[in-house]
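Numbering (the numbering used here), first residue to last: 8 to 358. Here a beta-carbon is modelled for each residue, glycine too, at the ideal position from N, C-alpha and C. Worksheet: one structure, shown below.
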Amino acid sequence: MLDQDALRWEALLARDPAPDCGAFLYAVTTQGVYCRPGCPSRPPLQRNVRFYADAPAAEAEGFRACKRCDPKGERAAIHAAAISAACGLIEASEATPSLATLADRAGYARHHFLRLFKEITGVTPHSYAASVRARRLQASLAAGDRVAEAVAGAGYGSESRVYGAPGRVLGMTPGAARRGGEGETIRIATATSALGPLMVGATESGVCFIGFAEDYDALEGDVRQRFPKARVEPAPEALAETVRQVVEFLEEPKAALALPLDLRGTAFQRRVWEALQAIPFGETRTYGQMAVAIGAPRAIRAVARACAQNHVSLAVPCHRVVGADGDLTGYRWGVPRKRALLAKERAGAKG
């Protein structure tokens, strides 16, 4: 088995920003600087490398922070504050500010600002503004405003811009959002599983809810909260096969849980959910690795929020995401159950 320094050296060569051996920094004696393992600089000679647990330890021995990878995060904090201010400007503006306006306000060249914005938020300023409009529209519709008034108030030029791409703005038509699921039927079915009470909910399009480990009233309450005006009706026979698959997966996971899904979320959330489904069975990823996978390496918090907003546990396996240090972090259905799921999946993958 490789020792700690050997593992760190391999992570350095791989430029792994979130190595399995844990967080560390490395210093280069010939240059007098210390770096993150993901530093884009040319790899140093192994004999010139020293490893440290943190920045104070490296600085205590006379090394200074690398300007390229910013190991202390000082430059990253300045960038984050500038992008946060840009997001605030978009949120406060009735019309979407131009890229030139946003970049000038932040004090960056346009191409540099665009790159930073996408790295930190996970989307372009245009997509972020579209999300802001969508939230405004959703809030107005939920308040009962007429569709035409809500569309105009949210900043859309016309209703055709919302209806022209059904499902892309709200995951449903504006009328359906305004009705809070009114006119829709959510079929539900329950069962007892290895991890406690289980409930599956489905629309005509596919499974929209998988919950477990709470009493049935609480699980049904989750469904009704998401679709407050929908008709929720028991359908044990229609969902029998789906429930059987979920129960068997919880009992003894052997493969990915593939079900027809009705996923309703923003474009960014869907990107995260698709990336979750791509995590190989029996493996885990960190939030940082997930952010890298969707092309937004700095959007770690946004990725974590998208994981938390996943309504179809197991089918969209958010339980396979862990902290940078391997910690299981939070889980909607409890960390002990997350631990049990991962243990079963690892065993199933080896079998």
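Quickly, what does DSSP pair ALA34 with across the bridge? List them, please. The residue given as residue 34 occupies position 27 in the sequence shown. Answer is TYR41 and ARG57, bridged to ALA34.
Which class does ARG339 belong to by DSSP, given the choice of helix, strand or coil? Taking the sequence shown and counting its residues from 1, the one referred to as residue 339 is at position 332. Here ARG339 sits in coil by DSSP.
Do three or more CB pairs link the segment 337-352 to the segment 240-253 at distances below 8 Å? no
Would you give the residue range spanned by the alpha helix (DSSP H) that GLU98 belongs to? Working through the sequence shown from its first residue, we reach residue 98 at position 91. Start and end: 81-99.
Going by the DSSP bridge assignment, what does GLU240 pair with across the sheet? For the purposes of this step, residue 240 is identified with residue 233 of the sequence shown, where counting begins at 1. DSSP output for GLU240 lists ARG194 as bridge partner(s).
With a threshold of 16 other CB atoms inside 10 Å of the CB of LEU268, please say whether the residue is buried or exposed. Start at 1 with the first residue of the sequence shown, and residue 268 comes out as number 261. LEU268 comes out buried.
Local Cβ density within 10 Å of PRO63, reported as buried at 16 or more and exposed below that: Here residue 63 refers to the residue found at position 56 when the sequence shown is read from its first residue. With fewer than 16 other Cβ atoms within 10 Å, it is exposed.
With 16 other CB atoms within 10 Å as the buried threshold, where does ILE85 fall? By one-based count along the sequence shown, residue 85 stands at place 78. The residue is exposed, with fewer than 16 neighbouring Cβ atoms inside 10 Å.
Could you check the C-alpha separation between TYR223 and PRO78 for me, to the nearest Å? If you number the sequence shown from 1, residue 223 lands on position 216. If you number the sequence shown from 1, residue 78 lands on position 71. For TYR223 and PRO78, the distance between alpha carbons rounds to 48 Å.
Starting from CYS325, trace the beta strand (DSSP E) in both directions and tell me its first and last residue. Numbered from 1 along the sequence shown, position 318 holds the residue referred to as residue 325. Secondary structure note for CYS325: it is in no beta strand (DSSP E), with a DSSP letter that is neither H nor E.
Beta-bridge pairing of PHE219 - partner residues as DSSP gives them: By one-based count along the sequence shown, residue 219 stands at place 212. Note: PHE219 sits in a beta bridge opposite LEU205.
Which class does ALA331 belong to by DSSP, given the choice of helix, strand or coil? To locate residue 331, count along the sequence shown from 1; it is residue 324. Here ALA331 sits in coil by DSSP.
So which of SER105, THR199 and SER212 has the shortest CA-CA distance to LEU226? Numbered from its first residue, the sequence shown carries residue 226 at position 219. Checking every option, the nearest Cα to that of LEU226 belongs to THR199.
Classify GLY129: buried if its beta carbon has 16 or more other beta carbons within 10 angstroms, exposed otherwise. The residue labelled residue 129 in the question sits at position 122 within the sequence shown. Flag for GLY129 reads buried.
Tell me which same chain residues have a C-beta within less than 8 Å of the C-beta of GLU240, skipping the five on either side of it? Locating residue 240 in the sequence shown gives position 233, counting from the first residue. Only THR192, ILE193, ARG194 and ILE195 meet the Cβ criterion.
Which of the three DSSP states is assigned to ALA116 in this structure? Position 109 of the sequence shown holds residue 116. Correct three-state label for ALA116: coil.
Name, in chain order, the residues that DSSP records as bridge partners for ARG22. Your numbering for residue 22 matches position 15 in the sequence shown. Partner residues in a beta bridge of ARG22, as assigned by DSSP, do not exist.
Give the range of the alpha helix (DSSP H) segment to which GLY295 is assigned. Indexing the sequence shown from 1 puts residue 295 at position 288. From DSSP, the alpha helix (DSSP H) with GLY295 extends over 294-300.
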